[in-house]
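Under our numbering, the first residue of the sequence shown is numbered 1063, with each subsequent residue one higher.
Don't be surprised by glycine CBs; every beta carbon is placed ideally from N, CA and C.
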Amino acid sequence: MNLKMLKNDFKRNRAGNLSLLLFIIFAAGLVVVATIIVTQLITSMLGMYETAKPPHFLQMHKGELNQDEIDDFVSSYVGVTAWQTVNMIDIYGDDLKVYGNDDVFSLSDCRLDISLVKQNKEYDMLLDNERNIIKVNKGEIGIPVILLDSYDIKLGDTVLLTSRGLTSKFKVTSFVHDAQMNSTLCSSTRILISDGDFQELFGNIGENEYLIEVYFTDSSMASNFQTAYEKAGLPQDGQAVTYTIIFLLSALRDIVMAMVLIIASILLVTVALMCIKFTVMATLEEEIKEIGTMKAIGMSYMDIRNLYLEKYKIMVSTGIIIGYLIAHIISNVFTEHVSNTFGKQPISIITISIPLVSCILVYLVTNCYCKKVLKKLKNVTVVDALVNENGFGKKESVRDGLYKSKLMPVNILISSRETLHNFRGFAVVFVVMFIVSGIIIVPMNLLNTMKSKEFISYMGSSVDDILVEIESGENLDKKYVNIKKLIEADDDIDNYKEFRRIRVEAINSENEWMNLHIDCGKYSGKGLSYLDGRAPNKENEIALSRLNMDSLGKNIGDRITLKFNDKEMDFVISGIYQDVTSGGYTAKAIYSFAGLDAQKYQFTINLVDGLDSKEKAKEWSNKIGGGYDIEPMEEFISQTLGGVSRQVQITIIAVAILGILITVLIVILFMKLKLAKDVDQIAQMEAIGFTNYDIRKQYLYKMEIVSIIGVIVGTLISNLVGESIVSMAFSMMGLGISKITFIINPWTAFIILPFVLILVVAVMTWFSARQICKYNIISLINE
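1) So, at 6 Å on beta carbons, what are the nonlocal neighbours of residue 1587 in its own chain, with the 5 sequence-adjacent residues on each side left out?
2) What does DSSP give as the partner residues of residue 1567 in its beta bridges?
3) Would you say the region 1338–1349 touches the region 1148–1164, given that touching needs at least three Cβ pairs under 8 Å?
4) If residue 1168 sits next to residue 1245, beta carbons under 8 Å apart, how far is it from one beta carbon to the other, in whole angstroms?
5) So, helix, strand or coil for residue 1210, using DSSP?
6) Sorted by chain position, which residues of the same chain lie with C-beta nearer than 8 Å to residue 1052's C-beta, five sequence neighbours on each side aside?
7) What number of angstroms, rounded off, separates the C-alpha of residue 1216 from the C-alpha of residue 1209?
8) Just list the alpha helix (DSSP H) runs in the region 1111–1160, keeping only unbroken ones of 4 residues or longer that don't cross its boundaries, in chain order.
9) Following the continuous alpha helix (DSSP H) through residue 1694, name the residue where it begins and the one where it ends.
10) DSSP three-state label for residue 1309, please.
11) In angstroms, rounded to a whole number, what distance separates the CA positions of residue 1386 and residue 1316?
12) Taking 9 Å as the cut-off, decide whether the C-beta atoms of residue 1028 and residue 1162 are in contact.
13) Just how far apart, CA to CA, sit residue 1785 and residue 1590?
14) Which residue from 1143, 1170, 1083, 1278 puts its Cα closest to that of residue 1681?
15) Under 8 Å by Cβ, that's how I've got residue 1366 and residue 1353 pegged, so tell me the actual separation to the nearest angstrom.
16) Please give the ranges of any alpha helix (DSSP H) in the region 1201–1261, keeping only runs that are unbroken, at least 4 residues long and fully inside the region.
17) Confirm, please, whether the CB-CB distance from residue 1378 to residue 1275 is below 9 Å.
18) Flag this pair as yes or no: are the beta carbons of residue 1237 and residue 1223 separated by less than 9 Å?
19) List, from N- to C-terminal side, the alpha helix (DSSP H) runs of 4 residues or more that fit wholly inside the region 1582–1621.
20) With DSSP as the reference, label residue 1359 as helix, strand or coil.
21) Got a sec? Which residues, its chain only, sit under 7 Å from residue 1199 by beta carbon, not counting five neighbours each side?
22) My output table needs one value for residue 1509: the three-state DSSP class, helix, strand or coil.
23) Count the other CB atoms, across all protein chains shown, that sit within 10 Å of the CB of residue 1070; report buried if there are 16 or more and exposed otherwise.
24) DSSP three-state call for residue 1832: helix, strand or coil?
25) Determine contact between the region 1110–1121 and the region 1175–1192, defined as no fewer than three beta-carbon pairs at a distance below 8 Å.
26) Should residue 1684 be labelled buried (16 or more other beta-carbon atoms within 10 Å of its own) or exposed?
27) Would you mind working out which of 1737, 1298, 1831, 1647 sits nearest residue 1126, comparing C-alpha positions?
28) May I ask you to report which of helix, strand or coil DSSP gives residue 1562?
29) Cutting at 6 Å between CB atoms, please list the residues of its own chain near residue 1848, excluding the five before and the five after it.
30) Output the distance between the C-alpha atoms of residue 1141 and residue 1811, rounded to the nearest integer angstrom.
31) Go ahead and pull the three-state DSSP assignment for residue 1275.
32) Only counting the same chain, and skipping five residues up and downstream in sequence, which positions put a Cβ closer than 8 Å to that of residue 1517?
33) Would you call the CB atoms of residue 1555 and residue 1728 closer than 9 Å?
34) Hey, could you find the ends of the alpha helix (DSSP H) residue 1541 is sitting in?
35) For residue 1329, which residues of its own chain have a beta-carbon under 8 Å away from its beta-carbon, when the five flanking residues on both sides are left out?
36) Would you mind stating whether residue 1488 and residue 1768 have Cβ atoms separated by less than 9 Å?
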């Protein structure tokens, strides 16, 4: 009987039921996709890490080292289970030229530090797409998958290496999945060659660099080990990284996308419940006589409720099953980067069961909500249902107010008065427009912020035209002199700022000495995004990154003792800023710290108005040669965060399409319910002379007024609350950012998107209101 009722109901109300089914499919599908992304990301990373075994602590070092000293220190440290020193050959992008079938290009514009390595024996292994340990023969080369986002390199292509008068030719035979250098935020990447080729090239080309890798019984020991290692004066002429930072940087791109989808799916489920409510209420309004008849013949509330509930259970179950299947089909679009980065994840019980659990939760929530809505049947009396035909509340009437205006058109006046006096009746449209605009605008603003030049202020630098960096290594001071001469001799430069990174010691919150890396210089700390306080203005002031502030257990105005050159000096904390570079642990001071060796030099340069920063950066690179990172600020941000931005952009497109479909379905369902409730009102208006065209225009005006208010409120709230939501998510990731200020594109956020949403509402309202033309005024009046 239930199946027969469901079949007949679908025939009688195809549009409404199909819309509800589609809505449930979208809601369930998006929940499953978000769950699949999170599940696959975690399982893929853990699966890859199990085979690749990335280090718990990594110290990069350029220059000479004494392996015996390292072995003695590490072997005596409690908790260490293994360690190794990996040799690398650092080369420049313009040393590599790729010969494909259709194209020849170099890697000269690659901002990542490129290193040639051989395969390790047991730890920190480089894997293929199936997570097998790669073995390359002499003359073969493995290209890291991170480069495939920017360069069209294919298997079988030839790579020509030219450096220091030496030329080597390699054939691309594999793509490398690197567990620790698989994000542009890592700033480095490794190319795999055979042991024989490595031995021939080591010491003859490029610059030698070492990775000192250590493993512990517990990866959380890495931070304390880093302090002890640096305090011992062991090789540290380069970046130090812990396991936690490796994990976060690797997953950031997919975490951001999953975060956007999870927020969107929660909002979509909320809208789906509203959609169910109005579909149920529309059905009950239309079938009020049948409900009254069932009550009159003695059927109980539970019997009547179960008749309707079974219908929606079947519909919801069908929608969730279809949504689950569709989600698995389209999930590859969202998880492609996970597979490309961490290798193919075999199907397991976890990857199947967790999305299934999310579907069950959606079903349970929906079922409970349906029961709650159907409780309205309790209050329906036989008299209300059969005589008054109004069992679900009093119908509100609005005084037309025509006598108050002679200037405003009648249709607009009536529509606006009904909308404003009975706004609760249009609440669902308002909430939907509010939510849809929010789930599109928040990720759109995040994307715009990450693409903006101003985002550099979250990366420990000020907003300028060109960024020049000289990393630690051989001839660091000589390179500094060369670049400074070049800058000072160029008349195209308006102004520049230079910074030197040094290392000192400070006492942390546990009363232990820890290493503190400080960027010092006359303009150090200027132009950053400060959470509290300001940049240092005096030589005894220092600004700390948020993560360093937490580690030291200090606040603005507190004193901090720094130890360097066998002496101690007190500094006052002037400000807290945000930084995602160097793991988020940096500091700024204008004190020179004379006598301390530099770990790194950085210049930020502004050109005179009208000059192209890209052309100038290219000119300097050609003049001064390799060993320097010279990039326009926009290019630096694009290459560093480009992968994250692309993932967010894919998500925005999907969410925007979904948002428009949600708007279409909700408008159709709402108009169906509204017209069913307003039949007597429509009849009265036609009787006093309003045409069908007039009435359709009135519904159009009503929906547009509510939509405009919803979009405006949604846009404003999204720009205010959205920042807090995104800031909280970044803060939880521990990347050094706890507050994001959106950089908004007013054209998209305030004009294009609202116009599209309002236009969709207008078109669908006008389309749905054509049902009025089918009404017979005589039969309506008689009823």
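Checking against the coordinates, here is how it stands:
1) Position 525 of the sequence shown, counting from 1, holds the residue named residue 1587. 1597, 1598, 1605, 1650.
2) As a working mapping, residue 1567 is identified with position 505 in the sequence shown. DSSP output for residue 1567 lists 1577, 1625 as bridge partner(s).
3) no
4) To locate residue 1168, count along the sequence shown from 1; it is residue 106. To locate residue 1245, count along the sequence shown from 1; it is residue 183. Actually they do not touch by this definition, with Cβ atoms about 23 Å apart.
5) Mapped onto the sequence shown, residue 1210 falls at position 148. Residue 1210 falls in the helix class under three-state DSSP.
6) Because residue 1052 is not part of the residues shown, which for the chain are 1063 to 1845, the question remains open.
7) Numbered from 1 along the sequence shown, position 154 holds the residue referred to as residue 1216. Numbered from 1 along the sequence shown, position 147 holds the residue referred to as residue 1209. Computed Cα separation, rounded: 11 Å.
8) 1129–1138
9) In the sequence shown, residue 1694 corresponds to position 632, counting from 1. Per DSSP, residue 1694 belongs to no alpha helix (DSSP H); it is in the beta strand (DSSP E), 1691–1694.
10) Here the question's residue 1309 lines up with position 247 in the sequence shown. DSSP places residue 1309 in the helix class (H, G or I) of the three-state scheme.
11) Walking along the sequence shown from the start, residue 1386 turns up at place 324. Walking along the sequence shown from the start, residue 1316 turns up at place 254. Residue 1386 and residue 1316: Cα-Cα distance of roughly 21 Å.
12) A query on residue 1028 cannot be resolved here, the shown segment of the chain reaching from 1063 to 1845 and no further.
13) What you label residue 1785 is simply residue 723 of the sequence shown in a count that begins at 1. What you label residue 1590 is simply residue 528 of the sequence shown in a count that begins at 1. So the alpha carbons of these two residues sit roughly 18 Å apart.
14) Indexing the sequence shown from 1 puts residue 1681 at position 619. Among 1143, 1170, 1083, 1278, the Cα nearest to that of residue 1681 is on 1170.
15) Numbered from 1 along the sequence shown, position 304 holds the residue referred to as residue 1366. Numbered from 1 along the sequence shown, position 291 holds the residue referred to as residue 1353. Right, the Cβ-Cβ distance comes to about 6 Å (below 8 Å), so this counts as a contact.
16) Whole alpha helix (DSSP H) segments, 4+ residues: zero.
17) If you number the sequence shown from 1, residue 1275 lands on position 213. If you number the sequence shown from 1, residue 1378 lands on position 316. For residue 1275 and residue 1378, no; Cβs fall outside 9 Å.
18) To locate residue 1237, count along the sequence shown from 1; it is residue 175. To locate residue 1223, count along the sequence shown from 1; it is residue 161. No, they are not a contact pair.
19) 1608–1614
20) By 1-based counting over the sequence shown, the position of residue 1359 is 297. Here residue 1359 sits in coil by DSSP.
21) Taking the sequence shown and counting its residues from 1, the one referred to as residue 1199 is at position 137. Around residue 1199: 1256.
22) The residue labelled residue 1509 in the question sits at position 447 within the sequence shown. When DSSP states are grouped into helix, strand and coil, residue 1509 belongs to the helix group.
23) The residue labelled residue 1070 in the question sits at position 8 within the sequence shown. Per the 10 Å Cβ criterion, exposed.
24) If you number the sequence shown from 1, residue 1832 lands on position 770. Reduced to three states, the DSSP call for residue 1832 is helix.
25) yes
26) The residue given as residue 1684 occupies position 622 in the sequence shown. Classification of residue 1684: exposed, given that the 10 Å Cβ count is below 16.
27) Here residue 1126 refers to the residue found at position 64 of the sequence shown. Cα-wise, what sits closest to residue 1126 is 1298.
28) To locate residue 1562, count along the sequence shown from 1; it is residue 500. Correct three-state label for residue 1562: strand.
29) It is not possible to answer for residue 1848, since the shown part of the chain is limited to 1063 through 1845.
30) By 1-based counting over the sequence shown, the position of residue 1141 is 79. By 1-based counting over the sequence shown, the position of residue 1811 is 749. If you take the alpha carbons of residue 1141 and residue 1811, they lie about 53 Å apart.
31) Here residue 1275 is taken as the residue at index 213 of the sequence shown, counted from 1. In the structure shown, residue 1275 sits in a strand (DSSP, three-state: E or B).
32) For this step, residue 1517 is matched to residue 455 along the sequence shown. Cβ within range, chain order: 1511, 1699, 1703, 1805.
33) In the sequence shown, counting from the first residue as 1, residue 1555 sits at position 493. In the sequence shown, counting from the first residue as 1, residue 1728 sits at position 666. Cβ atoms of residue 1555 and residue 1728: not closer than 9 Å.
34) Counted from its first residue, the sequence shown places residue 1541 at position 479. Here the alpha helix (DSSP H) through residue 1541 covers 1538–1550.
35) Sequence index remark: in the sequence shown, residue 1329 carries index 267 (1-based). Here the set comprises 1497, 1500, 1501.
36) Along the sequence shown, one-based indexing puts residue 1488 at 426. Along the sequence shown, one-based indexing puts residue 1768 at 706. Against a cut-off of 9 Å, the Cβ pair of residue 1768 and residue 1488 comes out as a contact.
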